[in-house]
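2 protein chains.
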Amino acid sequence: MEIQHPSETIFHAIESAIKAYRKYAQQKISEQIEGITLDQSLALIYIKKHPELTQNELAELLFKDNASLTRMIKLMVKNGFVTRTINDEDLRRYKLTLTKKAEIIVAKLPQIIQSNRATALDGITLADQEVVKELLHDIKNNCKI
Amino acid sequence: MEIQHPSETIFHAIESAIKAYRKYAQQKISEQIEGITLDQSLALIYIKKHPELTQNELAELLFKDNASLTRMIKLMVKNGFVTRTINDEDLRRYKLTLTKKAEIIVAKLPQIIQSNRATALDGITLADQEVVKELLHDIKNNCKI
DNA sequence: TATCATTAGTTGATATATCAATTATTAATC
DNA sequence: GATTAATAATTGATATATCAACTAATGATA
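Protein chains in written order, with this note's numbering: chain A, 3 to 147; chain B, 3 to 147.
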């Protein structure tokens with residue numbers, strides 16, 4: 003049985019594109035902000051905008067395993083980006099809050115991220131982006147078990 | 003500055019789709035073959051088809067760091083999928099060869115992979131796939147520094 | 001209200017990602 | 001032919017991915 007060579011598939015193209023973007027975005031962030039990863043940056047944005055999110059919900063948004071997120075949060079606390087406090091309404095969960103250091107970072111991020119996205123999507127129409135989003139959404143749904 | 007929320011972006015859609023596909027593909031492989039990852043499976047296919055590839059070239063095809071691939075190969079040798087022998091023409095590189103165990107696996111893989119891809123791409127036209135591939139290719143090129 | 005199921009989060013084990021530094025070999029240049 | 005540059009692969013340090021097993025708290029139900 004002859005299958006299409008992996009590097010010719012759409013899946014290869016998808017991985018290739020997202021890895022290139024992540025690498026580029028991380029570089030651009032690192033140029034201006036020290037000691038933070040792309041995912042940590044996104045985590046800060048999410049926490050700031052939706053402070054009520056549970057870690058599990060945050061994990062899903064960031065495409066991370068709960069276990070990974072636990073360790074990521076732990077590291078972000080250690081690195082002084084986030085503080086964790088008890089949530090009196092539900093003792094299973096925690097409240098995550100940005101530190102001042104993180105607030106300063108979050109203030110800088112939008113320009114960087116905006117610029118990264120603009121660079122990555124240069125010359126690509128919004129209409130095409132929507133087509134791609136829909137197709138990717140279909141792939142995702144097709145893969146639900 | 004208000005930027006588009008990360009989860010609304012095309013990058014989020016890309017990550018979401020590829021992660022769903024990888025998870026699905028891994029599950030389907032695991033159902034039929036024990037003790038091998040999706041990436042290791044792809045590595046076997048590449049090695050079988052292009053035995054002359056260096057580890058660095060292989061790494062690029064699999065979207066892995068050279069360091070990651072070194073460890074992956076080491077593990078595949080340990081797990082009895084691959085043997086490494088000296089390359090007399092260039093002592094810096096190695097020859098990678100599939101073991102019998104791996105040959106049996108590689109014989110089973112095409113059906114599984116074919117089926118996985120078909121499931122993931124169900125209802126999506128080839129024409130649309132090409133559009134997406136092109137757009138992803140553009141993103142990749144835009145992100146080259 | 002006692003039992004059971006669900007939810008939120010953690011931990012251990014193992015594999016992989018990433019960057020930088022390093023070794024060994026080969027290629028290029030003078 | 002000696003020096004330098006480039007290539008192939010490895011290693012160390014640190015972070016993350018993944019699965020399974022686990023604790024603790026809350027919710028549902030009988």
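For glycine and all other residues, C-beta sits at the position ideal for the given N, C-alpha and C.
With 8 Å as the threshold, decide whether the Cβ of residue i is near any Cβ in chain B.
{"i": "LYS135 (chain A)", "result": "yes"}
{"i": "SER2 (chain A)", "result": "The question about residue 2 (chain A) has no answer here: the residues shown for chain A are numbered 3 through 147."}
{"i": "PHE65 (chain A)", "result": "yes"}
{"i": "LYS97 (chain A)", "result": "no"}
{"i": "LEU44 (chain A)", "result": "yes"}
{"i": "ILE141 (chain A)", "result": "yes"}
{"i": "LYS102 (chain A)", "result": "no"}
{"i": "ASP90 (chain A)", "result": "no"}
{"i": "GLN28 (chain A)", "result": "no"}
Do we get a CB-CB distance below 8 Å when we pair residue i with the residues of chain A?
{"i": "THR121 (chain B)", "result": "yes"}
{"i": "MET3 (chain B)", "result": "yes"}
{"i": "ILE126 (chain B)", "result": "yes"}
{"i": "GLU105 (chain B)", "result": "no"}
{"i": "ILE47 (chain B)", "result": "yes"}
{"i": "ILE12 (chain B)", "result": "yes"}
{"i": "LEU40 (chain B)", "result": "no"}
{"i": "ALA15 (chain B)", "result": "yes"}
{"i": "SER18 (chain B)", "result": "yes"}
{"i": "LEU138 (chain B)", "result": "yes"}
Determine the closest residue to residue i out of the options, with distance taken between C-alpha atoms.
{"i": "LEU46 (chain B)", "options": "B:CYS145, B:LYS103, B:ASN144", "result": "B:LYS103"}
{"i": "PRO53 (chain B)", "options": "B:VAL84, B:PRO112, B:GLU33", "result": "B:VAL84"}
{"i": "GLN6 (chain B)", "options": "A:ILE114, A:LEU137, A:ILE107, A:PHE65", "result": "A:ILE114"}
{"i": "LYS97 (chain A)", "options": "A:VAL79, A:LEU63, A:ILE106, A:ARG86", "result": "A:ARG86"}
{"i": "GLN131 (chain A)", "options": "B:LEU128, B:GLU136, B:THR127", "result": "B:GLU136"}
{"i": "ILE107 (chain A)", "options": "A:MET74, A:LEU71, A:ILE126, A:LYS50", "result": "A:LYS50"}
### Query
Counting Cβ pairs closer than 8 Å, one from the region 8-16 of chain B and one from the region 39-57 of chain B, do we hit at least three?
With a cut-off of 8 Å, the region 39-57 of chain B and the region 8-16 of chain B do not count as touching, because too few Cβ pairs lie within range.
### Task
At 3 residues or longer, and completely inside the region 47-114 of chain A: list those beta strand (DSSP E) runs for me, N to C.
84-88, 96-100
### Query
With contact counted as at least three CB pairs below 8 Å, one residue from each stretch, are the region 21-28 of chain B and the region 18-30 of chain A in contact?
Fewer than three Cβ pairs drawn from the region 21-28 of chain B and the region 18-30 of chain A lie within less than 8 Å of each other, which leaves the two stretches out of contact.
#### Entry: Contact the region 108-122 of chain A vs the region 138-145 of chain B: 3+ CB pairs below 8 Å
yes
### Query
Taking a cut of 7 Å between CB atoms, which residues from the region 64-86 of chain A lie near chain B?
PHE65
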